[in-house]
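Numbering (the working numbering), first residue to last: 19 to 492.
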Amino acid sequence: MANTFSPEPSRGCVDMECLTVREARLPAAVGREVILRGWVRTRRDSKGGFSFLELNDGSCLGNIQVIVPGELPNYDSEIRQLTTGCSIQVEGLIQASPGEKQAVEVLASRIVVFGWASPETYLLQKKRHSYEFLRTIAHLRPRTNSFGAVMRVRNTVARSIHEFFQEEGFLYIHTPIITASDCEGAGAMFRVTTLDPQANPPPKAEDDFFGKPTYLTVSGQLEAEVFACSLGKVYTFGPTFRAENSNTTRHLAEFWMVEPEAAFFDLAANMDLAERFLKRILRDVLERCSEDMEFFARWVEPSAITTLEHVLQEDFIRLSYTEAIDILARSGQNFEFPVEWGRDLQAEHERYLTETHFHKPVILTDYPRTIKPFYMRLNDDERTVRAMDVLLPRVGEIIGGSQREERLDVLTQRMQEQGLRMEDYWWYLDLRRYGTVPHSGFGLGLERAVQFITGMGNIRDVIPFPRTPGSAEF
RNA sequence: UCCCCGGUAGCUCAGCAGGUAGAGCGAGCGGCUGUUAACCGCUAGGUCCCAGGUUCGAGCCCUGGCCGGGGAGCCA
Numbered sequence: 019m020a021n022t023f024s025p026e027p028s029r030g031c032v033d034m035e036c037l038t039v040r041e042a043r044l045p046a047a048v049g050r051e052v053i054l055r056g057w058v059r060t061r062r063d064s065k066g067g068f069s070f071l072e073l074n075d076g077s078c079l080g081n082i083q084v085i086v087p088g089e090l091p092n093y094d095s096e097i098r099q100l101t102t103g104c105s106i107q108v109e110g111l112i113q114a115s116p117g118e119k120q121a122v123e124v125l126a127s128r129i130v131v132f133g134w135a136s137p138e139t140y141l142l143q144k145k146r147h148s149y150e151f152l153r154t155i156a157h158l159r160p161r162t163n164s165f166g167a168v169m170r171v172r173n174t175v176a177r178s179i180h181e182f183f184q185e186e187g188f189l190y191i192h193t194p195i196i197t198a199s200d201c202e203g204a205g206a207m208f209r210v211t212t213l214d215p216q217a218n219p220p221p222k223a224e225d226d227f228f229g230k231p232t233y234l235t236v237s238g239q240l241e242a243e244v245f246a247c248s249l250g251k252v253y254t255f256g257p258t259f260r261a262e263n264s265n266t267t268r269h270l271a272e273f274w275m276v277e278p279e280a281a282f283f284d285l286a287a288n289m290d291l292a293e294r295f296l297k298r299i300l301r302d303v304l305e306r307c308s309e310d311m312e313f314f315a316r317w318v319e320p321s322a323i324t325t326l327e328h329v330l331q332e333d334f335i336r337l338s339y340t341e342a343i344d345i346l347a348r349s350g351q352n353f354e355f356p357v358e359w360g361r362d363l364q365a366e367h368e369r370y371l372t373e374t375h376f377h378k379p380v381i382l383t384d385y386p387r388t389i390k391p392f393y394m395r396l397n398d399d400e401r402t403v404r405a406m407d408v409l410l411p412r413v414g415e416i417i418g419g420s421q422r423e424e425r426l427d428v429l430t431q432r433m434q435e436q437g438l439r440m441e442d443y444w445w446y447l448d449l450r451r452y453g454t455v456p457h458s459g460f461g462l463g464l465e466r467a468v469q470f471i472t473g474m475g476n477i478r479d480v481i482p483f484p485r486t487p488g489s490a491e492f
């Protein structure tokens, strides 16, 4: 249904169609009388007595050119005062453009100004800005080409995630944000409390809102397992919190994670799922965000598109940790950190595998039990567990997952090994006590996926409002 | 948290035997133009991150903070 809202009482224009800039730029729109609304990117005046406006409404990367005849009643009083950032409504006729840079343009018959943006103080100028600067004005940066493109890609990825899992028969499960399991092994947690930290004497956890210490979730996995072990195939998709003091281009204190969990999936099925999943996302972005991807290829990362196409047509390498160690040891590379069975792989090692040795995504499996969490299934060799990490060139680990330990005795033994308190996990252990099944799952960091796809160098530039140590503005 | 680098006009940066500041872009004004990273000319605009110190004199040197960036660790 066409939106016919008008900012002023009707003046005979309520029957005009409201189009987005994206719709208006299609050749099929030529000849239609329409209403467009958005923000002015630039104004150019012609001494022929008329002006050009570039209008953008975020519906697509490109602007639409508006021709404003000098005859409009507010031409001198308002149109000539328009600057970057002003918001307007344009009513006019879409016509073929004689210019070379655009197929269509709008010949305005009426323009209404919603809001001004003083060029003396408006921080977004008609020039390129550094990402560092844009981060300090996170409330305005969505009005830039690059951040707008990132957000459209991010939306497409999110949509694709849901479509993929829904089509594969997974149920979307909403796991809790607040959790009482304080030792999921995924890192430092944010405490959630209503107690007054200044109170004297110091408050007791029993008196807290939930009667026990609670935290923001670091993963929905354990809860997702509950539903996998009852509904079969499920996934979670929501915010995740890590209180680690990480200051890197690929860590956030608050990020979004997708975690599928499936009963009766072994590690091979899990890997197949992960590869199919990633490829589906890439394919959808290439198809649905081609204009934005061309922008990234031109201004951000020249190989943005070809990298995705390459990943799409290649099978992911599947390699055990032990084999990887072997390759690294014989690489002849002079690594800063030693390559030794039993030690975790460093970023430089992962980068060598994906960027130098294989030139494609690599799924590493079967890591030493000592460097992986208790819930990963123990292999028959008793030295390794059924873990899998999907490594991508440039961003490194984008997916971490495993086949879960479904044997009660092995699981409890591993928990003891890692010093966990059995009573905290009574409900998790019940899944193994009653009708246990083999099952698997993984977690994908949404921002890392968007980073990989767009080629953006810093994860803080692919999330609307980044939370990092010492920074929670906006 | 560790290791490097940096904080000078709205933005991006230059300045350096220590003698109180410049450019480009942006902005304002004027010219030109169916224009489109527009172009040409002129103008305005700066507690040189903060606090101490050395010095006749500090953007520049020293000390201590604060903030930002890159790399590492942690991981998604």
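All C-beta atoms, glycine included, are put in the ideal place defined by N, C-alpha and C.
How long is the line joining the alpha carbons of residue i and residue j, rounded to whole angstroms?
i           : j           : result
residue 21  : residue 421 : At residue 21 the pLDDT is 44, less than 50, meaning the model places this residue with poor confidence and gives no usable figure here.
residue 31  : residue 486 : Note that residue 31 scores 48 on pLDDT, short of 50, meaning its location in the model is unreliable and no value can be drawn from it.
residue 390 : residue 403 : 8 Å
residue 481 : residue 308 : 20 Å
residue 28  : residue 142 : Bear in mind that the predicted position of residue 28 carries a pLDDT of just 40, short of 50, making it too unreliable to give a figure here.
residue 67  : residue 170 : 37 Å
residue 156 : residue 433 : 43 Å
residue 289 : residue 468 : 20 Å
residue 446 : residue 239 : 11 Å
residue 47  : residue 121 : 11 Å
residue 231 : residue 317 : 47 Å
residue 478 : residue 466 : 10 Å
residue 35  : residue 107 : 12 Å
residue 244 : residue 449 : 7 Å
residue 295 : residue 359 : 31 Å
residue 78  : residue 339 : 43 Å
residue 426 : residue 400 : 16 Å
residue 488 : residue 344 : 41 Å
residue 380 : residue 331 : 14 Å
residue 453 : residue 351 : 49 Å
residue 149 : residue 102 : 19 Å
residue 228 : residue 491 : 29 Å
residue 25  : residue 195 : No answer about residue 25 holds up, because its pLDDT of 48 lies below 50 and its placement is not dependable.
residue 483 : residue 63  : 37 Å
residue 301 : residue 182 : 12 Å
residue 161 : residue 323 : 23 Å
residue 357 : residue 385 : 14 Å
Residue j and residue i - do their beta-carbons sit closer together than 8 Å?
i           : j           : result
residue 105 : residue 133 : yes
residue 208 : residue 234 : yes
residue 58  : residue 69  : no
residue 178 : residue 298 : yes
residue 82  : residue 50  : no
residue 303 : residue 175 : yes
residue 455 : residue 423 : no
residue 292 : residue 417 : yes
residue 326 : residue 368 : no
residue 92  : residue 129 : yes
residue 260 : residue 271 : yes
Taking the alpha helix (DSSP H) that residue i falls in, what are its first and last residues?
i           : result
residue 44  : Per DSSP, residue 44 belongs to no alpha helix (DSSP H) and is neither H nor E.
residue 359 : Residue 359 -> no alpha helix (DSSP H), and no H or E assigned at all.
residue 458 : Where residue 458 is concerned, there is no enclosing alpha helix (DSSP H), although the beta strand (DSSP E) it sits in stretches over 457-463.
residue 166 : 163-185
residue 431 : 426-435
residue 384 : Element bounds for residue 384: not the alpha helix (DSSP H) but the beta strand (DSSP E), 380-386.
residue 368 : 365-369
residue 339 : 339-347
residue 305 : 285-306
residue 323 : 322-331
Assuming residue i and residue j are in contact, meaning their beta carbons sit under 8 Å apart, how far apart are those beta carbons, in whole angstroms?
i           : j           : result
residue 267 : residue 475 : 6 Å
residue 461 : residue 414 : Not really, about 14 Å apart at Cβ, beyond 8 Å.
residue 126 : residue 84  : 5 Å
residue 383 : residue 285 : 6 Å
residue 236 : residue 258 : 6 Å
residue 166 : residue 56  : The pair is not a contact, with the Cβ atoms about 11 Å apart (cut-off 8 Å).
Name the two residues that bound the continuous beta strand (DSSP E) containing residue i.
i           : result
residue 114 : 105-114
residue 233 : 232-234
residue 53  : 51-64
residue 83  : 82-87
residue 74  : 68-74
residue 421 : 414-421
residue 493 : With the chain running from 19 to 492 in the structure shown, residue 493 is simply not present.
residue 253 : 251-259
Practice task
May I ask you to verify whether the region 276-288 touches the region 244-255, counting CB pairs closer than 8 Å and requiring at least 3?
Solution key: Yes: the two stretches touch, three or more of their Cβ pairs being nearer than 8 Å.
Practice task
Give a yes or no on contact between the region 325-344 and the region 374-387, applying the rule of three or more CB pairs nearer than 8 Å.
Solution key: The answer is yes - the region 374-387 touches the region 325-344, with three or more Cβ pairs under 8 Å.
Problem - the region 305-321 / the region 180-196 touching (three or more Cβ pairs under 8 Å) - result: Between the region 305-321 and the region 180-196, the count of Cβ pairs shorter than 8 Å is below three; the stretches do not touch.
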